[in-house]
Amino acid sequence: MHLSGPSSAQTNQSITVTASGLPDRTDKVEFQKQGAGVWDTGDVRASGGSASWSFTCDFAGTASITATAKDDMLNQLGSASLSIAVSDSSFAPAAPSGNPVEDRFRIYGYSHARVGEPWVVTMKSVAKAHSVVFELYGANGGIYRTFPRGRDEYGIQFRFAKAGTTELYGFSRDEVLAPLAWVKGVIEVSEGSAYAAGGMVELAASGRSAPVLGAAKPHFAAFEPVAAQPAAATAGGAGGPTATIEARKAALMNRLSGKG
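Reading the sequence shown from the start, the letters are residues 3 to 262 in my numbering.
Below, the structure written as structure tokens:
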């Protein structure tokens with residue numbers, strides 16, 4: 003008995019798995035899904051030595067599928083299983099090179115990352131923004147503010163401390179921290195696994211209406227921001243880049259907590 007299906011899929015996408023080579027006397031196959039959303043199950047009548055089942059996943063993660071062959075008395079005759087890596091469909095494929103550059107706030111990043119290793123994020127069309135604020139939730143929480151200072155495109159890096167699904171929000175803001183535009187994406191952070199094939203993807207554009215992210219503010223100490231392009235990403239000023247970054251962090255946290 004063998005269970006086949008895709009090795010990867012996206013949330014809210016129809017996924018089909020097929021159990022083949024069923025044992026003699028198989029009357030039906032019971033399918034079960036665990037992970038990447040709510041638990042799901044389905045009974046499918048065997049036909050021609052096989053049975054197929056379709057389902058969807060609500061969340062990114064790993065979906066574990068088990069197929070169990072049973073006879074007409076519900077006796078178990080055999081079983082097989084497989085795992086499917088599910089990524090968030092809020093990541094859309096990046097536009098092919100050569101397309102006209104759109105005058106809109108965009109952020110590109112990898113959909114997978116490794117604990118403790120640099121994860122690159124690139125911002126585009128940010129010259130008109132006073133600052134860009136990143137907020138992270140889930141396995142890794144944090145907040146970080148960076149200043150374009152007239153640059154239309156530049157990149158930074160983060161290092162994630164924990165494995166697990168991490169939601170990232172990127173806000174383009176004006177001088178009083180009002181959001182001009184924002185995007186959202188989901189990063190799967192794991193221990194020792196390579197980045198998923200396919201390179202960088204664009205975080206889904208979400209327009210100008212910023213979400214309310216809850217009363218519990220994230221803490222920037224949960225991850226470590228470092229400059230991807232040291233010459234471009236560091237800012238001048240008294241005390242050097244480190245003091246400047248720390249002062250910005252303190253000012254931002256005071257504003258978010260209502261102290262400043």
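We treat Cβ as the ideally placed atom computed from N, Cα and C, and that holds for glycine. A quick note: this is a predicted structure, and the numbers were derived from the prediction, not measured.
Sort the options by Cα distance to residue i and report the nearest one.
i    : options              : result
T20  : G37, F107, D26, P8   : P8
I189 : Y171, V178, L179     : Y171
G50  : E193, F136, S22      : S22
A11  : A87, F149, Y156      : A87
F33  : E193, D74, I67, R153 : I67
Would DSSP call residue i helix, strand or coil?
i    : result
K186 : strand
M125 : strand
S83  : strand
H114 : strand
G172 : strand
P120 : strand
N101 : Residue confidence is low: N101 scores 40 on pLDDT, short of 50, so the model does not pin down where it sits. Its coordinate-derived value is still stated next. Here N101 sits in coil by DSSP.
K72  : strand
Tell me whether residue i is buried or exposed, calling it buried when 16 or more other Cβ atoms sit within 10 Å of its Cβ.
i    : result
W41  : exposed
L76  : exposed
G111 : buried
E89  : It is worth fixing the name first, because residue 89 is Ser in this sequence and not Glu. With 16 or more Cβ atoms within 10 Å of its Cβ, S89 is classed as buried.
G187 : buried
T18  : exposed
R151 : exposed
A180 : exposed
V191 : buried
E137 : buried
Looking at the unbroken beta strand (DSSP E) that takes in residue i, where does it start and where does it end?
i    : result
L138 : 133-140
W273 : Any property of residue 273 remains undetermined from this structure, which presents the chain solely from 3 to 262.
L5   : 4-6
K35  : 30-36
G157 : 155-162
T18  : 17-22
F57  : 52-57
Consider the C-beta atom of residue i and the heavy atoms of the ligand SAH; say whether any pair is separated by less than 7 Å.
i  : result
P8 : Looking at this structure, you won't find the ligand SAH or any other ligand, since it has none at all.
*Within the chosen definition, does the region 128-135 reach the region 24-33 through at least 3 CB pairs nearer than 8 Å?*
no
_Using 8 Å as the cut-off, can you tell me whether the region 157-177 makes contact with the region 117-127, which would need three or more C-beta pairs spanning the two stretches below that distance?_
yes
*Count the CB pairs spanning the region 138-145 and the region 160-170 that are closer than 8 Å, and state whether there are at least three.*
yes
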